[in-house]
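Chemist:
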Amino acid sequence: MENINLVIVDDHDLVLDGFISLLSNVSDIQVAGKASNGQELLSFLNNHPQESPSEKIHLVLMDVDMPVMNGIQATKVVKAKFPDVKVLILTMHQEETLYNKLIAAQANGCIQKNANSNELIRAIRQVVAGKSYFNNKTKRAQKKKSQISDDEVHLTSREKEILKLVATGKSAKEIAGILNISYRTVDTHRTNLKEKLKVKNTAGMIRSAFQMGLL
Numbered sequence: 051m052e053n054i055n056l057v058i059v060d061d062h063d064l065v066l067d068g069f070i071s072l073l074s075n076v077s078d079i080q081v082a083g084k085a086s087n088g089q090e091l092l093s094f095l096n097n098h099p100q101e102s103p104s105e106k107i108h109l110v111l112m113d114v115d116m117p118v119m120n121g122i123q124a125t126k127v128v129k130a131k132f133p134d135v136k137v138l139i140l141t142m143h144q145e146e147t148l149y150n151k152l153i154a155a156q157a158n159g160c161i162q163k164n165a166n167s168n169e170l171i172r173a174i175r176q177v178v179a180g181k182s183y184f185n186n187k188t189k190r191a192q193k194k195k196s197q198i199s200d201d202e203v204h205l206t207s208r209e210k211e212i213l214k215l216v217a218t219g220k221s222a223k224e225i226a227g228i229l230n231i232s233y234r235t236v237d238t239h240r241t242n243l244k245e246k247l248k249v250k251n252t253a254g255m256i257r258s259a260f261q262m263g264l265l
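Here my numbering is used: the first residue of the sequence shown is 51, the next is one more, and so on.
1. Looking at the secondary structure, which residues open and close the alpha helix (DSSP H) in which residue 238 lies?
2. Out of 214, 205, 208, which one is the CA nearest neighbour of residue 177?
3. Is residue 255 helix, strand or coil by DSSP?
4. By DSSP, does residue 55 sit in helix, in strand, or in coil?
5. Rounded to whole angstroms, what is the Cα-Cα separation between residue 76 and residue 252?
6. Going by beta carbon distance, what residues of the same chain come within less than 7 angstroms of residue 223, once the five residues before and after it are set aside?
7. Please list the segments of the alpha helix (DSSP H) lying wholly inside the stretch 107-168, counting only runs of 4 or more residues, in order along the chain.
8. Suppose contacts are defined by Cβ-Cβ distances below 7 angstroms. Is residue 118 in contact with residue 57 by that definition?
9. According to the neighbour-count rule (16 or more other Cβ atoms, all chains shown, within 10 Å of its Cβ), is residue 73 buried or exposed?
10. Look at the Cβ atom of residue 124, then the Cβ atom of residue 91, and state whether they are nearer than 7 angstroms.
11. Using a Cβ-Cβ cutoff of less than 7 angstroms, which residues in the same chain neighbour residue 170 once the five nearest sequence positions on both sides are dropped?
12. For residue 201, count neighbouring C-beta atoms within 10 Å of its own C-beta (all shown protein chains included) and say buried if the count is 16 or more, exposed if not.
13. Within 10 angstroms of the Cβ of residue 182, are there 16 or more other Cβ atoms? Answer buried if so, exposed if not.
14. In the DSSP output, what is residue 85 paired with across the bridge?
15. According to DSSP, which residues form a beta bridge with residue 80?
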């Protein structure tokens, strides 16, 4: 796999420098830039060349609590304007409400700031590989609070495939190409998934899937 190019976003210089120092020792990770808030991040992404594979930004490692534009607000914009860029959120919080906001914003993962270096590196690689990464304690708490269990929601193998691809940010057109099926078929499966999970939109579908341990 090619090197992972990432941007670190945090409003504390000591935190930024600490992460840069840590990740500079990892052979397959390159810190391509840094920012102190969401607005600076967007400015960086808008001006950074994305055509060359060696320069393409793969991931944003971002704090939640920042001035000007916080991590959740920035995540929404990043996923809308740069859908191929993954977002891994850094936080010290574990509240259920925050977790729900991150899912709604389509963040690809969340890791505690006090996680050890091995967990951080594993989370970065996992998210860039197209998988999600969320704090186990939060996932367990969400699963317990869910009123619908995995046993009560029966998904076909195809629905599970599509659900996982939707969770990684893939569009219906992209999913159709990956699975070699028609756009209409993908749309039908997405509609069925929303009905089975009792939600109205994609954000709700992903959130419910995480709550039930389907992702």
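Each residue gets a CB set at the ideal place from its N, CA and C atoms; glycine is no exception.
Modeler: Let me lay it out:
1. Numbered from its first residue, the sequence shown carries residue 238 at position 188. Its alpha helix (DSSP H) spans residues 233-247.
2. In the sequence shown, counting from the first residue as 1, residue 177 sits at position 127. Nearest Cα to residue 177 within the set 214, 205, 208: 214.
3. Your numbering for residue 255 matches position 205 in the sequence shown. In the displayed model, residue 255 falls within a helix according to three-state DSSP.
4. Counting from one through the sequence shown, the residue named residue 55 turns up at place 5. DSSP, read as helix, strand or coil, puts residue 55 in strand.
5. Along the sequence shown, read from residue 1 onward, the residue named residue 76 stands at position 26. Along the sequence shown, read from residue 1 onward, the residue named residue 252 stands at position 202. Just so you know, the alpha carbons of residue 76 and residue 252 end up roughly 35 angstroms apart.
6. What you label residue 223 is simply residue 173 of the sequence shown in a count that begins at 1. Excluding its 5 nearest sequence neighbours in each direction, residue 223 has C-beta neighbours in its own chain below 7 angstroms: 233, listed in chain order.
7. Segments of the alpha helix (DSSP H) lying fully in the stretch 107-168: 121-131, 146-154.
8. If you number the sequence shown from 1, residue 118 lands on position 68. If you number the sequence shown from 1, residue 57 lands on position 7. Cβ distance not < 7 angstroms, so residue 118 and residue 57 don't count as in contact.
9. Sequence index remark: in the sequence shown, residue 73 carries index 23 (1-based). With 16 or more other Cβ atoms within 10 Å, it is buried.
10. If you number the sequence shown from 1, residue 124 lands on position 74. If you number the sequence shown from 1, residue 91 lands on position 41. Yes; because the gap between Cβ atoms is below 7 angstroms, this pair is in contact.
11. To locate residue 170, count along the sequence shown from 1; it is residue 120. Around residue 170: 161.
12. Reading the sequence shown from its first residue, position 151 is the one you call residue 201. Confidence at residue 201 is low in this model, with a pLDDT of 48, below 50, so its placement is unreliable and the value that follows should be read with caution. Flag for residue 201 reads exposed.
13. In the sequence shown, the residue the question calls residue 182 occupies position 132. The residue in question, residue 182, is buried, as its Cβ has 16 or more Cβ neighbours within 10 Å.
14. In the sequence shown, the residue the question calls residue 85 occupies position 35. Answer is 59.
15. Stepping through the sequence shown from its first residue, residue 80 is reached at position 30. As a beta-bridge residue in DSSP terms, residue 80 pairs with 55.
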